[in-house]
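Here's the structure, in structure tokens; my notes come after.
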Amino acid sequence: MELTCPNCNSVIDADNINVMTDLAKCTHCGSLHKASTLASFGMGKPDEFPPRGSKISLNRETGDIVSIVLPAKGFRWSSIPLLLFTIFWLGFISLWTTLASQAGFFALFSIPFWIAGFFMLAGLIISIAEKQVIKIGRGQIILIKSRPFFSKELKFNFSEIQEISLKSSQSIFSYSPQAWRLQNRYAPLPETPAVITGAGTRLFFEGANDAEKSWVVKYLMYKIASVKR
């Protein structure tokens with residue numbers, strides 16, 4: 013199967029495809045791509061709508077703008093362990109701070125633990141209430157993460173997007189090889205859709221299932237390549 017560069021629509025020569033590193037280089041424009049992503053893209057146009065049974069919705073807005081919405085997942089049974097641990101943490105720190113306050117400045121040592129507790133609480137609330145929207149059209153992708161706090165809106169021009177693919181946390185965050193080997197021994201690293209630009213890598217749709225993640229990556233790559241052709 014021939015691989016086509018999504019930037020210039022040129023056929024990538026087989027000599028410039030490295031199966032071992034999963035990289036393909038276009039000699040026409042000099043861009044570097046993930047070979048497996050181009051191969052999956054080359055299988056044809058992806059489904060126009062999300063997988064059957066998916067919680068993702070696709071809406072067409074004014075002009076050529078399309079929005080893909082991942083609703084908030086809400087409170088689930090899987091949230092209970094973290095909720096209980098957060099309650100225990102804050103309760104213990106409250107008790108410790110109350111007792112330590114009798115010793116004057118000694119209670120100030122509890123500040124880092126209070127900060128950690130509030131970060132855990134914020135992370136729990138965000139994981140329950142976060143809604144994500146992707147808008148694609150007019151030469152750009154807009155990623156909106158709506159949260160009770162710390163909401164984000166990121167814009168990417170098609171020209172600056174190198175790739176949209178599934179990335180594991182290992183390829184994004186830096187940890188020691190020993191730590192990763194220990195983690196991989198017990199569970200595989202989850203892959204998350206990511207927009208890759210020269211400025212860095214941005215994750216999105218972290219709460220989607222595998223079928224939804226695969227579909228949204230193929231759909232966005234197809235839309236971008238269709239415009240660039």
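Going by the numbering used here, the letters in the sequence shown line up with residues 13 to 241, in that order. Idealized CB from N, CA, C, for every residue including glycine. Since the structure is predicted, the reported quantities are computational estimates derived from the model, not experimental observations.
Using a Cβ-Cβ cutoff of less than 7 Å, which residues in the same chain neighbour residue 83 once the five nearest sequence positions on both sides are dropped? 67, 143
Please state whether DSSP places residue 205 in a helix, a strand or coil. strand
Any idea which residues DSSP pairs residue 42 with across the strands? Answer by DSSP bridge pairing: none, since residue 42 is not bridged.
Okay, do the stretch 133-148 and the stretch 106-116 touch, 3+ Cβ pairs below 8 Å being the bar? no
Count the other CB atoms, across all protein chains shown, that sit within 10 Å of the CB of residue 31; report buried if there are 16 or more and exposed otherwise. exposed
8 Å contact criterion, which residue 215 and residue 206 should meet: CB distance rounded: 5 Å
If you run the structure through DSSP and keep just helix, strand and coil, what is residue 103? helix
Look at the alpha carbon of residue 179 and the alpha carbon of residue 208, and state the distance between them as a whole number of angstroms. 10 Å
Name the residue from 226, 35, 212 whose alpha carbon lies nearest to the alpha carbon of residue 218. 226
Is there contact here, the stretch 148-158 with the stretch 96-103, by at least three beta-carbon pairs under 8 Å? no
Residue 9: first and last residue of the uninterrupted alpha helix (DSSP H) it sits in: There is simply no residue 9 to check, as the chain begins at 13 and stops at 241 in what is shown.
Here's the rule: buried if 16 or more other CB atoms are within 10 angstroms of the residue's CB, otherwise exposed. What is residue 46? buried
Supposed close pair residue 129, residue 102 - CB separation, criterion 8 Å: 5 Å
Might you give, ordered along the chain, the residues of its own chain that have their beta carbon closer than 8 Å to the beta carbon of residue 63, omitting 5 neighbours on each side? 223, 224, 227
With a cut-off of 8 Å on the beta carbons, I'd call residue 151 and residue 78 a contact; round off their distance for me. Contact flag wrong, Cβ pair sits at about 13 Å.
Please report the Cβ distance between residue 229 and residue 176, rounded to the nearest whole angstrom; I am assuming they are in contact, meaning their Cβ atoms lie under 8 Å. 6 Å
Check the DSSP bridge columns for residue 156 and list the partner residues they point to. 145, 165
Strictly by DSSP, which residues pair up with residue 69? 81
Since residue 91 contacts residue 120 with CB under 8 Å, what's their CB separation in whole angstroms? Not really, about 32 Å apart at Cβ, beyond 8 Å.
C-beta contact flag for residue 172 and residue 210 at 8 Å: yes
Sub-8 Å separation of residue 24 and residue 15 beta-carbons: yes
Provide the residue span of the beta strand (DSSP E) that contains residue 120, from first to last. That residue, residue 120, is in no beta strand (DSSP E); it is neither H nor E in DSSP.
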